[in-house]
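Down below is the structure, laid out as structure tokens.
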Amino acid sequence: MALEGNLRDLSISDLIQLVDLSKKTGATHVQALQGDESVEGYLYFRDGRITGATLGNLEPLEAALTFFTFHEGQFRFYEQAVPPPTITSSNEMIIMEGIDRQDRWAEIEQFVPNTNIVLRLVQNPDTGSRDINLAADEWRVLTMINGKNTVALIAERTGLGWFRSCEIVANLLRNGLIEKKELNLAESLFPQFEEMARGALGNSASVLLSEAYRRVGIEPTANNASNEQVHAAISAFEESIRLLVGRPNATQLADKLRERAVRILGSR
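Under the numbering used here, the first residue of the sequence shown is numbered 10, with each subsequent residue one higher.
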């Protein structure tokens, strides 16, 4: 009988214990929501012990612990050969740390419900007489907060990972050093489209993007485009560049734009 289901009904810790009891070797494929973003990854087992994990660009142990923060999502275990071990911690230690991570995420989520929020510095933070003592990684996040970057983009560019970046942002919000700002597409998304398209097409990218926006009724300097309009503009742009770069290259660039749009817009 296949081991599959929803994390809403069987938690990651229960899943690990089931595989451990059965002493199975294979991979558990997990598809879940991380904030508003759909993600997928794998937990690898050898004779019931966790030997590795993959989730985006996270380190193996960090990936394994991040799975504990997912409230729901589909999983399926496949009996198969597994890669060489990249995790040496015991299942018991991973479960213990994972449950702690789960509890911490419940607090973080109150401040950072998803990674699509945009943040800005508070001009005159009310810190009272307290000194502001920040660790190096907290300063790294703080320097990325400019009223344009989303939490997802900050996590990507700082290399700190999803959980740690959200944890730092939650602490900064809690201490009144930063505040949330309404997402402005003209500042956060469209300039990134321009940069990505220019990298592939050169100066002609601006004209082609502008035409794609016009065709679907987007005014790039405004902030009133819907998610549907943004994705329609990407499709129009993809169609217009096929003759220039060929279908495979056009699709590849358009998929990168779609990925960036999902990362920034989520289910806005």
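Virtual Cβ for every residue (Gly too), placed ideally from N, Cα, C.
Compare the C-alpha of residue i against each of the options and name the closest.
i      : options                        : result
TYR222 : ALA206, ASN236, ALA245, MET205 : ALA245
ARG251 : ALA263, LEU16, ASP112, HIS240  : ALA263
GLU188 : ASN155, LEU130, VAL48, TYR51   : LEU130
THR230 : PRO200, ALA259, GLU237, GLY65  : PRO200
SER174 : ILE117, ALA214, MET205         : ILE117
GLY168 : LEU67, ILE25, ASP18            : LEU67
PRO69  : ALA234, ARG85, VAL48, ILE96    : ILE96
LEU182 : ILE104, PRO134, ASN232, ARG166 : PRO134
MET105 : ILE25, LYS265, GLU248, GLU191  : ILE25
ARG85  : ILE163, GLU13, GLU220          : GLU13
Leaving out the 5 sequence neighbours to the left and right, which residues in its chain are closer than 7 Å to residue i when beta-carbon positions are compared?
i      : result
SER138 : Since pLDDT at SER138 reaches only 45, below the 50 mark, its modelled position is unreliable, and the value read off the structure follows with that caveat. Closer than 7 Å at the Cβ level, and outside the excluded window around SER138, lies no residue.
ARG224 : ALA245
GLY255 : none
MET278 : Here the chain covers residues 10 to 277 and nothing more, so residue 278 does not appear.
Keeping to the same chain, check which residues put their C-beta closer than 6 Å to that of residue i; ignore five residues upstream and five downstream.
i      : result
ILE177 : GLU147, VAL150
LEU278 : Absent from the model: residue 278. The displayed extent of the chain is 10 to 277, so no value can be given.
ASP112 : none
ALA179 : ILE117, PHE120, VAL121
LEU270 : Correcting the residue identity first, residue 270 is Ala in this sequence and not Leu. Hits under 6 Å: VAL239.
ARG17  : GLU81
Considering only residues of the same chain and omitting the five flanking positions on each side of residue i, which have a CB-CB separation below 8 Å?
i      : result
ALA115 : none
GLY107 : ILE21, SER22, ALA73, LEU74, PHE76, PHE77
ARG55  : THR34, VAL91, PRO94
LYS265 : MET205
GLN40  : SER47, VAL48, GLU49, GLY82, GLN83, PHE84
PHE79  : LEU16, ILE21, VAL39, ALA41, LEU42, GLN43
Report the CB separation of residue i from residue j in whole angstroms; it is logged as a contact under 8 Å.
i      : j      : result
LEU218 : GLU203 : 6 Å
GLY82  : LEU52  : Actually they do not touch by this definition, with Cβ atoms about 12 Å apart.
ILE227 : ALA242 : 6 Å
Within the 8 Å Cβ cut-off, does residue i reach chain C?
i     : result
GLU68 : Absent here is chain C; the protein component of the structure consists of one chain.
### Message
Under 8 Å: do the region 22-40 and the region 84-101 share three or more Cβ pairs, one atom per stretch?
### Response
yes
### Query
Counting pairs of Cβ atoms below 8 Å between the region 206-218 and the region 188-198, do you hit three or more?
Contact fails: fewer than three Cβ-Cβ distances are below 8 Å.
### Query
Between the region 116-127 and the region 152-165, are three or more C-beta pairs nearer than 8 Å?
yes
#### Entry: alpha helix (DSSP H) runs wholly inside the region 60-143, at least 4 long, in chain order
69-75, 100-120
### the region 23-32 in contact with the region 45-60 per 3-pair CB rule at 8 Å
yes
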